[in-house]
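Report on the following structure.
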Amino acid sequence: MSKEITSRADDYSQWYIDLVRKAGLADYSAVKGCMVIKPYGFAIWENMRDTLDKMFKDTGHVNAYFPLFIPKSFLSKEAAHIEGFAKECAVVTHYRLKNAEDGSGVVVDPDAKLEEELIVRPTSETIIWNTYRDWIQSYRDLPLLINQWANVVRWEMRTRLFLRTAEFLWQEGHTAHATAEEAIEETRRMLDVYATFAEEWMALPVVRGIKTANERFAGAVDTYCIEALMQDGKALQAGTSHFLGQNFAKAFDVQFSTAHNTLDYVWATSWGVSTRLMGALVMAHSDDDGLILPPKLAPHQVVIVPIPKPLEELSGFIEQTAAALRARGIRVKVDNDDQNRPGFKFAEYEKLGVPVRLGIGARDLANGTVEVARRDTKSKESVPTEGLVDHVVALLDDIQRNIFERAKAYRDEHITPVDSWEEFVHTLDTKGGFVSAHWDGTSETEDRIKEETKATIRCIPLDNVQEAGSCIRTGKPSTQRVLFARAY
RNA sequence: CGGGGCGUAGCGCAGCCCGGUUAGCGCGUCUGCUUUGGGAGCAGAAGGUCGCGAGUUCGAAUCCCGCCGCCCCGACCA
Numbered sequence: 034m035s036k037e038i039t040s041r042a043d044d045y046s047q048w049y050i051d052l053v054r055k056a057g058l059a060d061y062s063a064v065k066g067c068m069v070i071k072p073y074g075f076a077i078w079e080n081m082r083d084t085l086d087k088m089f090k091d092t093g094h095v096n097a098y099f100p101l102f103i104p105k106s107f108l109s110k111e112a113a114h115i116e117g118f119a120k121e122c123a124v125v126t127h128y129r130l131k132n133a134e135d136g137s138g139v140v141v142d143p144d145a146k147l148e149e150e151l152i153v154r155p156t157s158e159t160i161i162w163n164t165y166r167d168w169i170q171s172y173r174d175l176p177l178l179i180n181q182w183a184n185v186v187r188w189e190m191r192t193r194l195f196l197r198t199a200e201f202l203w204q205e206g207h208t209a210h211a212t213a214e215e216a217i218e219e220t221r222r223m224l225d226v227y228a229t230f231a232e233e234w235m236a237l238p239v240v241r242g243i244k245t246a247n248e249r250f251a252g253a254v255d256t257y258c259i260e261a262l263m264q265d266g267k268a269l270q271a272g273t274s275h276f277l278g279q280n281f282a283k284a285f286d287v288q289f290s291t292a293h294n295t296l297d298y299v300w301a302t303s304w305g306v307s308t309r310l311m312g313a314l315v316m317a318h319s320d321d322d323g324l325i326l327p328p329k330l331a332p333h334q335v336v337i338v339p340i341p342k343p344l345e346e347l348s349g350f351i352e353q354t355a356a357a358l359r360a361r362g363i364r365v366k367v368d369n370d371d372q373n374r375p376g377f378k379f380a381e382y383e384k385l386g387v388p389v390r391l392g393i394g395a396r397d398l399a400n401g402t403v404e405v406a407r408r409d410t411k412s413k414e415s416v417p418t419e420g421l422v423d424h425v426v427a428l429l430d431d432i433q434r435n436i437f438e439r440a441k442a443y444r445d446e447h448i449t450p451v452d453s454w455e456e457f458v459h460t461l462d463t464k465g466g467f468v469s470a471h472w473d474g475t476s477e478t479e480d481r482i483k484e485e486t487k488a489t490i491r492c493i494p495l496d497n498v499q500e501a502g503s504c505i506r507t508g509k510p511s512t513q514r515v516l517f518a519r520a521y
């Protein structure tokens, strides 16, 4: 019996890496900084994607697809935008290879240099707003509510599976509106969609907030975010929604005729979540034995492990049980593999985070029971066959609720209000989590705090109470507390 | 871009310092039998350009030089 996953207490970072790989979520690839998302990991992502996609459509959005490549000149049209992304762009300079003279393999053909280099999209605002210019003439064309599911590339210096990779999958919504109010409303609406998804589907409690200037998206007027807390006390930005004002409309000259026959620039939003959510999901709930998945996103919600004592009638009962569960919409896997013993399978499905495991053997058949084990608490009970389906349905709900409550309790315990610099530093070093403190509102102070403690302002919570206080670092007057944390 | 580590069977590693016949070990894989309510046991088998290139040597996984790749830790970021 080998503990193949490093414990969280020993090395949290290594635990995460072990878990992602041993649970079959993802693997390193032959390309530096890029990962392979494996079938089990992709199945979880598909569940996230499908759920979000429905939520986007329910709020009036449609999907489209824009090019992977962006002409270099586009990117530089919005000053802040290029400033933010310039340092991490992959650039396509040539379009052809040829055999090397010395037969050593293929080389880039120097005669095939592109007139204008193409940037592999780090995000699509520029190509999309360049397109929107042609699509929008009148207020009747608005609002334009489009989402795309795509891959993007950001050439990161330091990568971590799911949390930060050179290439990642995401969705990016890009909307155009006639008024600022409407665009802001959209920005907030999508933030709420993300928060709802995080809390109700991922069982991940989040703080909704607004970013300070330092943390704002390059090119945005305001960046809203949902911030989650991981088990090691570090914060993770799980989703962002930006009010872009008229910045991109002006950069790409997207004007429309208003109902009063005047000409105005379009108001914009963009919003996105990525495969980073996979990392959040893992780090929020899982333990030293493996993943703990919320039932709503688990590829298999129930696994049935037969205890193969020599009794053929087991299989009939198992199939019948599986069918009854499936009839209630539950995703069931029956593990009929006869290579591994039950004990191995128990450990295996715990590693994979399957919420509910049913053990069925001759003893159960005789007693009219099934052994029901729940992954979140690792408890087991013997449940009568009669009413089993109802029991499992209720249990899945309970697990979904329980892991949310557990994560929320941890999160709430780790929002610490502090009023002195000593307390601030001490809390970061010993307890971690969010530290709620007054701040004088300047970027200079935020930078200084970051330099001294590695903590950044994760957000100004949306429902923040206004209270007079003095900045934790400078002592200058402040009107509200903000949330600091060390972050991924 | 700095600092560190690694590259030997599908996976994880030992061997390298101190060169020497046929390169080992664990897991996994394959075959057979016995097993099966918490990670099975026994017996047998298959599986290797020792990252790449050049060099020293009678002889290189091991020593020298060069290169490549990945990971981890720090400065930038969802």
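With the first sequence counted from 1, adding 33 to any position gets you our numbering.
Virtual Cβ for every residue (Gly too), placed ideally from N, Cα, C.
For clarity, every value in this text was computed on a predicted model and none was experimentally measured.
I'd like to confirm the pairing. Which residues does DSSP put opposite D297 in its beta bridges? Paired residues: F289.
DSSP bridge partner residues for E79 (one or two, in chain order): None; E79 has no bridge partner.
Over what stretch of residues does the alpha helix (DSSP H) that includes H114 continue unbroken? DSSP places H114 inside the alpha helix (DSSP H), whose first and last residues are A112 to F118.
Touching or not, the segment 362-381 and the segment 325-340, by the rule of three or more beta carbon pairs under 8 Å? They touch, by the three-pair rule.
Quick check on DSSP: helix, strand or coil for V426? In the three-state reduction of the DSSP assignment, V426 falls in the helix class, which pools H, G and I.
Can you check which of these residues, D496, T507, P510 and G508, is closest to L516 by C-alpha distance? Among D496, T507, P510 and G508, the Cα nearest to that of L516 is on D496.
Over the uninterrupted beta strand (DSSP E) stretch that includes V335, give me the two end residues. In the DSSP assignment, V335 falls within the beta strand (DSSP E) that extends over V335 to P339.
By DSSP, does F195 sit in helix, in strand, or in coil? DSSP places F195 in coil when its eight states are reduced to three.
Going by other Cβ atoms of all chains shown within 10 Å of its Cβ, with 16 needed for buried, is L296 buried or exposed? Classification of L296: exposed, given that the 10 Å Cβ count is below 16.
What ranges does the alpha helix (DSSP H) occupy inside the segment 373-458, keeping only unbroken runs of at least 4 residues that lie completely in it? The segment 373-458 contains these whole alpha helix (DSSP H) runs: 375-385, 395-400 and 421-446.
C-alpha distance - S46 paired with R82, whole-angstrom precision: One alpha carbon belongs to S46, the other to R82, and they sit about 26 Å apart.
CB contact flag (F201, T308, <7 Å): F201 places its beta carbon less than 7 Å from that of T308.
Quick one: Cα of V315 to Cα of T273, how far? Whole-angstrom Cα-Cα distance: 20 Å.
Count the CB pairs spanning the segment 189-205 and the segment 61-68 that are closer than 8 Å, and state whether there are at least three. With three or more CB-CB distances shorter than 8 Å, the segment 189-205 counts as touching the segment 61-68.
4 or more residues per run - each alpha helix (DSSP H) lying fully within the segment 255-286: Here the runs fully enclosed are 280-284.
Compare the beta carbon distance of I217 and F276 with 7 Å and say whether it is the shorter of the two. In this structure, F276 lies closer than 7 Å to I217 by Cβ.
My understanding is that S503 touches H471, with C-beta atoms under 8 Å, so please give their C-beta distance in whole angstroms. That pair is a contact at about 6 Å.
Going by alpha carbons, who is nearest to G57 out of W48, Y73 and N400? Among W48, Y73 and N400, the Cα nearest to that of G57 is on Y73.
Just the Cα atoms here: how many angstroms apart are A520 and I243? Cα to Cα, the separation comes out at about 16 Å.
Can you tell me whether DSSP reads K90 as helix, strand or coil? The three-state secondary structure of K90, taken from DSSP, is helix.
CA-to-CA distance, F281 to A32, given in whole angstroms: Nothing can be reported for residue 32, as the shown portion of the chain is limited to 34 through 521.
Can you tell me whether C412 is buried or exposed? The criterion is at least 16 other CB atoms within 10 Å of its CB, across all chains shown. First, the residue type needs correcting, since residue 412 is Ser and not Cys in the sequence shown. If you draw a 10 Å sphere on the C-beta of S412, you find fewer than 16 other C-beta atoms in it, and that means exposed.
Please classify W168: is it buried, with 16 or more other beta-carbons within 10 angstroms of its beta-carbon, or exposed? Per the 10 Å Cβ criterion, exposed.
With a Cβ-Cβ cutoff of 7 Å, do A133 and V141 count as a contact? No, the Cβ-Cβ distance between A133 and V141 is not below 7 Å.
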